[in-house]
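Chemist: Respectively, the protein sequence lines represent chains H and X.
When you read off a place in the first sequence, starting at 1, and then add 415, the result is the number in this note's numbering.
When you read off a place in the second sequence, starting at 1, and then add 6, the result is the number in this note's numbering.
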Amino acid sequence: GDSVTQMEGPVTLSEEAFLTINCTYTATGYPSLFWYVQYPGEGLQLLLKATKADDKGSNKGFEATYRKETTSFHLEKGSVQVSDSAVYFCALSETGGYNKLIFGAGTRLAVHP
Amino acid sequence: NAGVTQTPKFQVLKTGQSMTLQCAQDMNHNSMYWYRQDPGMGLRLIYYSASEGTTDKGEVPNGYNVSRLNKREFSLRLESAAPSQTSVYFCASGDNYGYTFGSGTRLTVV
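The structure is reproduced here in structure tokens:
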């Protein structure tokens with residue numbers, strides 16, 4: 416079945432450092448891809464999405480490009496802030512599957528001043 | 007504020023007790039979902055409802071039942087709680103543009 420694999424955390428960075436969180440997927444069709452963020456004690460919030468190959472999703476300085484050839488959707492940010500500390504989840508929406516999302520295990524990011 | 011509301015936020019149960027987690031959305035979404043979140047395992051789908059009056063099993067349905075009461079409400083029931091059901095439970099509603107999640111229910115079964 417479809418699946419999502421994320422790099423293990425935690426990722427610890429200094430403020431203003433460059434961030435990459437790797438995400439690869441396995442899918443039989445052409446899924447939509449998502450990044451969600453979870454701040455402490457809260458539910459998940461949609462960060463960005465891409466619906467087809469070569470699409471770039473972006474929001475709040477974060478970017479991710481849908482790479483069909485490498486089945487990847489890596490999350491990047493040029494300069495992280497302490498407020499970006501959270502858990503980040505990569506997810507895919509099953510093709511024809513009533514929008515069911517399949518999530519990766521999550522990557523915890525800690526940004527220090 | 008528009009969104010997904012879950013109750014309760016915290017609950018402690020004894021093994022064998024039953025309870026119902028409530029979820030309501032005002033996003034006018036057709037689809038609703040129940041996930042559980044466990045450390046190192048991401049979110050796993052328990053049950054989902056593609057539309058009012060329909061429900062289907064997800065990845066980990068054993069020990070749970072659901073009811074789609076109307077378009078807004080989707081409840082999750084534990085008939086006989088077990089320690090393995092200790093988790094954080096999230097309800098979500100969604101469409102092609104993504105999901106909106108509730109703030110979660112932290113359940114401990116002792």
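Built from N, CA and C at the ideal position, the CB exists for glycine as well.
Predicted model, so just to flag it, every value in this text is computed and none were measured.
1) Distance check for G104 of chain X and Y481 of chain H, CA to CA, integer angstroms please.
2) Does the Cβ-Cβ distance between S508 of chain H and S447 of chain H come in under 8 Å?
3) Note the first and the last residue of the continuous beta strand (DSSP E) segment covering S473 of chain H.
4) Do we get a CB-CB distance below 8 Å when we pair K515 of chain H with the residues of chain B?
5) Does the contact criterion of 3 or more C-beta pairs under 8 Å hold for the region 28–39 of chain X versus the region 456–467 of chain H?
6) Please list, in chain order, the chain X residues whose beta carbon lies closer than 8 Å to that of A520 of chain H.
7) Would you grab the beta carbon distance between N514 of chain H and D101 of chain X for me? Rounded to a whole angstrom, and I think it's under 8 Å.
8) Residues in the region 454–472 of chain H with C-beta within 9 Å of chain X's C-beta atoms, listed in sequence order?
9) So which residues on chain H does F16 of chain X lean against when the C-beta distance must stay under 9 Å?
Modeler: So, to answer that:
1) Taking the first sequence and counting its residues from 1, one reaches residue 481 of chain H at position 66. Taking the second sequence and counting its residues from 1, one reaches residue 104 of chain X at position 98. Cα to Cα, the separation comes out at about 16 Å.
2) On the first sequence, position 93 is the one that residue 508 of chain H refers to. On the first sequence, position 32 is the one that residue 447 of chain H refers to. Going by C-beta atoms, S508 of chain H is nearer than 8 Å to S447 of chain H.
3) Along the first sequence, read from residue 1 onward, the residue named residue 473 of chain H stands at position 58. In this chain, the beta strand (DSSP E) harbouring S473 of chain H covers 471–474.
4) Reference to chain B is not applicable here, since the protein chains of this structure are H and X.
5) Two segments are said to touch when three or more pairs of C-beta atoms, one from each, lie closer than 8 Å; by this definition the region 28–39 of chain X does not touch the region 456–467 of chain H.
6) The sequence position of residue 520 of chain H within the first sequence is 105, counting from 1. G46, M47, G48, listed in chain order.
7) Within the first sequence, the letter at position 99 stands for residue 514 of chain H. Within the second sequence, the letter at position 95 stands for residue 101 of chain X. The C-beta separation of N514 of chain H from D101 of chain X comes to about 7 Å, placing the pair in contact by the 8 Å criterion.
8) Of all residues in the region 454–472 of chain H, the ones placed with a Cβ closer than 9 Å to any Cβ belonging to chain X are G456, E457, G458, L459, Q460, L461, K464, T466, in chain order.
9) In the second sequence, the residue the question calls residue 16 of chain X occupies position 10. Simply none; closest approach about 11 Å.
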